[in-house]
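Residue numbers (the numbering used here): 1 to 147.
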C-alpha cells in the first residue's frame, strides 16, 4: 500500500517538475537569443560559428545536431508542441538573410518565446499544484480502497 501511495504522489510531483523544467529551458533559450542578438550586432562572424560558441550546456545537444535531428532533441526538452515548433522554425530560418534580417528574426522569436515563457509560468501556477494534489489524492484513495 505504501508503494502505491508513493507511486501516485511521485507521478504528480514528476508532472509538476516537468512544467518547471519547461520554464527553465524557455528561460535559457531567451538568454541565448539575447546573447545571440548582441553578438551578431557587434561581431561579423559566421552565424553557425556564433551559435556554436554561444550554446550553453543546456543547449549543448543543439550544437552537435544536424538539421534533421532537431525534432528528436527537442522532444527531450519537456516542451509542448508550440515550443517545439518555434525552436525548430527558429533554427531552420536562422542564417538565411543579412545581419538586419537576422536581428529582426531573433527579435521576433524573442517575443514569441517570451509569450511561451509567460504561459509556462501560468501552467506551473495552475497545473503544477493540480498535478501534485491529484497524485496525493490518488495515492490516498488507493490506500483507503485496500484498507
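We put the CB at the ideal spot given by N, CA and C, even for glycine. Note that this is a predicted model, so its numbers are computed, not measured.
How should residue 79 be labelled, buried or exposed, when 16 other C-beta atoms within 10 angstroms of its C-beta is the threshold for buried? Taking the chain shown and counting its residues from 1, the one referred to as residue 79 is at position 79. Buried, since its Cβ has 16 or more Cβ neighbours within 10 Å.
Cβ-based neighbour list, residue 110, same chain, cut-off 8 Å, excluding 5 preceding and 5 following: Translated into positions along the chain shown, residue 110 becomes position 110. Closer than 8 Å at the Cβ level, and outside the excluded window around residue 110, lie 30, 33, 34, 37.
Just curious, the alpha helix (DSSP H) that residue 83 is in, first and last residue? As a working note, residue 83 is residue 83 in the chain shown. That run of the alpha helix (DSSP H) goes 81 to 93.
Residue 131 and residue 23 look like a contact to me (Cβ under 8 Å); what is the Cβ gap, rounded to whole Å? Position 131 of the chain shown, counting from 1, holds the residue named residue 131. Position 23 of the chain shown, counting from 1, holds the residue named residue 23. Incorrect: roughly 14 Å between the Cβ atoms, too far for contact.
Between the Cα of residue 42 and those of 139, 99, 106, spot the shortest distance and give me the residue it belongs to. In the chain shown, residue 42 corresponds to position 42, counting from 1. It is 99.
Range covered by the alpha helix (DSSP H) that runs through residue 137: If you number the chain shown from 1, residue 137 lands on position 137. Taken as a continuous stretch (DSSP letters only), the alpha helix (DSSP H) holding residue 137 covers 129 to 145.
Whether residue 120 touches residue 54 by CB criterion (8 Å): As a working note, residue 120 is residue 120 in the chain shown. As a working note, residue 54 is residue 54 in the chain shown. Not a contact, by the Cβ cut-off of 8 Å.
Go through its chain and collect everything with a Cβ distance to residue 102's Cβ below 6 Å, but skip five positions before and after it. As a working mapping, residue 102 is identified with position 102 in the chain shown. If we look at residue 102 and ignore the five residues flanking it on each side, its Cβ neighbours are 40.
Coarse secondary structure for residue 9, derived from DSSP in three states: Residue 9 sits at position 9 when you count from the first residue of the chain shown. If DSSP states are grouped into helix, strand and coil, residue 9 belongs with the helices.
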